[in-house]
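Q:
Residue numbers (the UniProt record's numbering): 1 to 259.
1. Specify, as a first and last residue, the run of the alpha helix (DSSP H) that residue 134 falls within.
2. What do you reckon, are the CB atoms on residue 145 and residue 126 nearer than 7 Å?
3. Could you check the C-alpha separation between residue 135 and residue 117 for me, to the nearest Å?
4. At the level of alpha carbons, what is the spacing between residue 87 and residue 122?
5. Pull up the distance between the alpha-carbon of residue 176 and that of residue 185, whole angstroms please.
6. For the pair the stretch 187 to 204 and the stretch 224 to 232, tell me if three or more CB-CB distances fall below 8 Å.
7. Closer than 8 Å is the cut-off here; do at least three beta carbon pairs connect the stretch 104 to 119 with the stretch 148 to 165?
8. Does the Cβ-Cβ distance between residue 192 and residue 225 come in under 7 Å?
9. Mapping the DSSP letters down to three states, classify residue 213 as helix, strand or coil.
10. May I have the straight-line CA-CA distance separating residue 119 from residue 218, to the nearest angstrom?
11. Taking residue 167 as the reference, give the member of 105, 71, 241 with the closest Cα.
12. Report the rounded CA-to-CA distance for residue 238 versus residue 256, giving the unit in angstroms.
13. Looking at the structure shown, is residue 188 part of a helix, part of a strand, or coil, going by DSSP?
14. Considering only residues of the same chain and omitting the five flanking positions on each side of residue 222, which have a CB-CB separation below 7 Å?
15. So what's residue 173 in DSSP terms, helix, strand or just coil?
16. Within the same chain, show all residues whose beta-carbon is closer than 8 Å to that of residue 248, passing over the 5 residues directly before and after it, in chain order.
17. Measure how close the beta-carbons of residue 178 and residue 163 come, nearest whole angstrom, since I'm counting them as under 8 Å.
18. Roughly how many angstroms separate the alpha carbons of residue 172 and residue 85, rounded to a whole number?
19. Under a three-way DSSP split, which group does residue 80 fall into?
20. Within 10 angstroms of its Cβ, does residue 96 collect 16 or more other Cβ (buried), or is it exposed?
21. What residue range is occupied by the uninterrupted alpha helix (DSSP H) comprising residue 155?
22. Can residue 170 and residue 98 be called in contact, C-beta distance under 7 Å?
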């Protein structure tokens, strides 16, 4: 009996068949794919402004609700609808001005210069609003906003006419080509309207100026990115390259949003 017991103990254990063991390689590969997909989804949502922390839209709604409690309904409507109405009015005013044949030269194209002047007024209004927000300085008064917009409108036309005389008309990619001169014009207009003391205060805020310059650079890139894309799309229309060109547009929007 003892011999039988000893023989039983000395018997090697039975090794399970390979089919009965889970595939460790496939499991590890599946976990690897899950981790990579999770990282990809997290990275995608991290660059989406509307999903930033899941609170961006909610915070805006709560801020509007709080604003309506402490402010009259008339002022709320003026604040929320005033900016879109002003922009719409400027755009319609530009479109109502007739254009002449560019071949007639810059002197005969008064409609184009009127549109450029209205564009300068719009840029001046946007800049006047952003100065107080981005640079953390007192906002422009109503008189300063009016003076700044008028200066920008006249300055845009003057810069455009001088460039047309010295170079060519019509100026290709008007806004992008003149962006450096327009930047100088913005600074000169701010110095004249705000005065020396306030302008020196703005010049001392280096970090805020860097952020504002970043915003302006993105806007300048948009001046040429979308016209260039439109030209590329027109060339690729009804060809084998149409789908790849269509896929480029979301990439452009994503880059501009992240930058």
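Quick reminder that beta carbons are idealized off the backbone N, C-alpha and C, glycines included. The structure presented is a predicted model; accordingly, all values stated were derived computationally and were not measured.
A: Looking at the coordinates:
1. Run containing residue 134: 110 to 135, per the alpha helix (DSSP H) assignment.
2. 7 Å or more divides the Cβ of residue 145 from the Cβ of residue 126.
3. Those two C-alpha atoms are separated by around 26 Å.
4. In a straight line, the C-alpha of residue 87 is about 8 Å away from that of residue 122.
5. For residue 176 and residue 185, the distance between alpha carbons rounds to 14 Å.
6. No: fewer than three Cβ pairs fall under 8 Å.
7. Segments in contact, yes.
8. The answer is no: Cβ separation not under 7 Å.
9. In this structure, DSSP gives residue 213 a helical state, which the three-state scheme calls helix.
10. Taking the straight line joining both Cα atoms gives about 18 Å.
11. Nearest of 105, 71, 241 to residue 167, Cα basis: 105.
12. Pairing residue 238 with residue 256, the inter-Cα distance amounts to about 27 Å.
13. Taken through DSSP and simplified to helix, strand or coil, residue 188 comes out as helix.
14. Excluding sequence neighbours, residue 222 sits near 256.
15. Residue 173: coil per DSSP, three-state reduction.
16. Contacts found: 229, 232.
17. Rounded, the Cβ-Cβ distance is 6 Å, consistent with contact.
18. Within the model, the alpha-carbon separation for residue 172 versus residue 85 is close to 30 Å.
19. It is helical.
20. That one is exposed.
21. Looking at the DSSP string, the run of the alpha helix (DSSP H) that includes residue 155 is 142 to 166.
22. Not a contact, by the Cβ cut-off of 7 Å.
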